[in-house]
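Chemist:
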Amino acid sequence: MPEDVDVVVVGAGIAGLSAARELVSAGFSVAVLEARDRVGGRTESREFAGATFDVGGQWIGPAQKRMQSLVKELDIETFPTYHSGESVVVVDGKRSTYRGDIPKLNPFTLLALQNAASGTNRLAKRVDVAHPERTPKAAKLDAQTLATWRKRNIPSKAGQAILDAGLRVVFGADPSELSMLWALYYISQSNTVDELIGIEGCAQESRFVNGAQTVSVKLAEQLGDRVKLSSPVRSISQTEESVTVSTDTGEWKAKRVIVALAPTMTAGITHSPDLPSARAQLVQRMPMGATTKCLAIYDRAFWREAGLSGEAVMTTGPLAVAFDNTSADGSVPALLGFSVGSLARDLAKLSADDRRTAVLDALASCFGPKARNPIEYHEKNWQEDPWSKGCPTGNFGPGTLLQFADALSEPVGRVHWAGTETAQEFCGFMEGAVESAERAVAEVSAALKSEKVA
Ligand SMILES: Cc1cc2nc3c(=O)[nH]c(=O)nc-3n(C[C@H](O)[C@H](O)[C@H](O)COP(=O)(O)OP(=O)(O)OC[C@H]3O[C@@H](n4cnc5c(N)ncnc54)[C@H](O)[C@@H]3O)c2cc1C
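Reading the sequence shown from the start, the letters are residues 1 to 454 in our numbering.
1. Going straight from the alpha carbon of Gly268 to that of Gln281, what length do you get?
2. What are the boundary residues of the alpha helix (DSSP H) that Gly166 is part of?
3. Tell me Val91's beta-bridge partners as DSSP assigns them.
4. Helix, strand or coil: how does DSSP classify Cys202 here?
5. Using a Cβ-Cβ cut-off of 7 Å (strictly less than) and excluding sequence neighbours within five positions of Arg46, which residues of its own chain qualify?
6. So, with DSSP's three-state summary, where would you put Val8?
7. Keeping to the same chain, check which residues put their C-beta closer than 6 Å to that of Ala20; ignore five residues upstream and five downstream.
8. Nearest-angstrom Cα distance between Cys202 and Leu196?
9. I'd like to confirm something about Met430: is its beta-carbon nearer than 8 Å to some heavy atom of ligand 1, or not?
10. Are the CB atoms of His378 and Leu295 within a distance shorter than 9 Å?
11. Could you tell me which residues DSSP pairs with Val415 in its beta bridges?
12. Between Ser342 and ligand 1, is the CB less than 8 Å from at least one heavy atom?
13. Would the segment 329-339 and the segment 290-308 be scored as touching if the rule is three or more Cβ pairs under 8 Å?
14. Looking at the strands, I want to know which residues DSSP matches up with Pro80.
15. Please say whether Leu402 and Ala138 have beta carbons closer to each other than 9 Å?
16. Given this structure, state the Cα-to-Cα distance separating Phe48 from Asn153, to the nearest angstrom.
17. Can you confirm whether the segment 419-435 touches the segment 314-328 when touching is taken to mean that 3 or more C-beta pairs between the two stretches lie within less than 8 Å?
18. DSSP on Tyr298, reduced to helix/strand/coil?
19. To the nearest angstrom, how far is the alpha carbon of Leu308 from that of Gly100?
20. With H, G and I counted as helix, E and B as strand and the rest as coil, what does DSSP make of Trp59?
21. Any heavy atom of ligand 1 within a distance shorter than 8 Å of the CB on Leu33?
22. Which residue's Cα is closest to the Cα of Phe323: Glu205, Ala344, Thr249 and Ile14?
23. Using DSSP with H/G/I as helix, E/B as strand and the rest coil, what is Gln213?
24. Using the DSSP secondary-structure output, state which residues sit across from Gln460 in a beta bridge.
25. When you compare only the Cα positions, how much space is there between Thr247 and Pro232?
26. With a threshold of 8 Å (Cβ to nearest heavy atom), would Phe48 be considered close to ligand 1?
27. Quick one: what's Ala322 bridged to in DSSP?
28. I'd like the list of long-range same chain contacts for Arg150, defined as Cβ closer than 8 Å, with 5 residues on each side in sequence excluded.
29. Report buried or exposed for Asn381, applying the criterion of at least 16 other Cβ atoms within 10 angstroms of its Cβ.
30. By how many angstroms is the C-alpha of Ser242 removed from the C-alpha of Phe338?
31. Following a CB-centred definition, is Pro175 positioned closer than 8 Å to any heavy atom of ligand 1?
32. Mapping the DSSP letters down to three states, classify Asn381 as helix, strand or coil.
Put into structure tokens, the structure is as follows:
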């Protein structure tokens with residue numbers, strides 16, 4: 001006999017768990033079904049060299065109000081991202097250092113980059129996130145890629161390469177993979193490009209002392225045995241009266257279901273009746289970004305000793321950017337490199353030893369030869385994780401956002417959709433996951449209340 005609850009939530013990432021918590025506090029009975037043997041989804045914290053590091057999402061910023069209040073409420077400690085000293089930019093193998101936000105580049109490249117950033121911010125301000133089709137020149141913007149736009153608007157090749165490195169990390173994708181309208185839609189949700197890539201006052205301002213996964217671990221503790229791990233949902237079958245959700249370990253019957261996964265990941269679930277065409281096609285058209293996070297742990301923070309912040313931008317692979325990622329108490333020095341988009345896919349073709357060498361060579365090109373001798377090296381290739389298939393977010397390529405934006409969150413009968421990709425504020429971020437949960441819970445609560453009245 002299936003277990004009976006008011007609402008089944010599929011996925012114990014930040015979206016699913018925060019939705020479940022809100023539903024429980026509103027008095028509904030809930031089961032959260034999670035495929036993995038852990039909670040947290042795209043946030044995952046691990047112990048290396050006696051300290052906690054995040055191999056998934058790790059930063060929050062001051063504008064991310066929902067995450068800020070969740071962190072406070074759960075009594076989770078954060079600390080400022082280290083970024084004192086000079087940063088490094090390596091353009092085609094040529095290294096220079098700079099202080100503050102403005103890299104030392106030739107004035108022509110710098111001006112082109114500044115114009116492109118302010119042009120992008122201006123365009124992003126005109127995006128109507130709730131109705132992207134109402135954005136001026138929406139069809140024209142959706143028909144081109146971010147790469148086409150930046151080629152037209154940044155005359156300098158070095159400028160194009162620097163912009164690519166910065167934006168690749170934001171989306172986990174090359175500009176040639178992204179609809180320009182999608183890029184603007186994404187930027188507009190976070191306000192500006194600077195917010196997305198900056199540290200102080202921006203999205204990378206703080207890290208979690210005990211790792212970002214703590215948010216999900218603490219939410220799951222509050223939910224207790226309502227959270228069922230190692231329970232991948234295989235099918236969802238609905239009638240006029242109820243929904244049955246089947247996993248490898250059992251069946252649940254509910255009045256409503258919230259599926260809190262990236263759209264592409266929902267493709268692994270069979271639906272009965274079949275999904276309407278817009279939803280069925282959406283799940284084939286929002287591929288996950290590609291990100292491999294590479295962590296090198298050292299016995300000394302030699303870059304800090306040399307007056308460097310640990311921040312670097314590189315125009316050639318295997319890394320696009322690097323950050324200081326030393327543990328919260330400063331006792332375990334570390335550098336973090338992001339290999340993203342095609343760089344990550346190319347890196348994955350190498351053997352483990354060659355990948356390590358390539359990544360450490362890239363760090364050495366920024367911070368000197370000492371970077372070649374870490375005491376530990378770790379990486380996580382999210383593309384090979386069967387329950388994420390990539391990260392940080394799913395993305396729309398050209399010609400798709402306008403056709404499929406509505407299907408992102410439009411409920412299908414008794415099935416509702418959450419997950420960061422469905423958010424209208426900070427989509428792609430932990431903040432977006434929480435926002436998506438709020439919206440899905442509001443839909444489900446209203447539906448359950450009106451059914452009760454009827
Ligand atoms: C390397 C990396 C860096 C990032 N950096 C940042 C950052 O610094 N700041 C930031 O805010 N965000 C960052 N992000 C993005 C952030 O982690 C995500 O936006 C957020 O965690 C998404 O939460 P979610 O609940 O929407 O989805 P998910 O975390 O993907 O949760 C979905 C859950 O559903 C489960 N699942 C999948 N299929 C099934 C199934 N069939 N049945 C049952 N369960 C299933 C998955 O196992 C997963 O636990 C990063 C992500 C990565 C991976």
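Just so it is clear, CB atoms sit at the ideal spot from N, CA and C, and this is done for glycine as well.
Modeler: On the basis of the supplied data:
1. 13 Å
2. Lys157 to Phe171
3. Lys94
4. coil
5. Phe53 and Val55
6. strand
7. Val9, Val30, Val32 and Leu223
8. 7 Å
9. yes
10. yes
11. Val257 and Val412
12. no
13. yes
14. Ser206
15. yes
16. 43 Å
17. no
18. coil
19. 12 Å
20. strand
21. yes
22. Glu205
23. helix
24. Missing from the structure shown is residue 460; the chain here goes from 1 to 454 and no further.
25. 5 Å
26. no
27. Ala312 and Gly337
28. Ala116, Gln160, Leu163, Asp164 and Pro175
29. buried
30. 44 Å
31. no
32. strand
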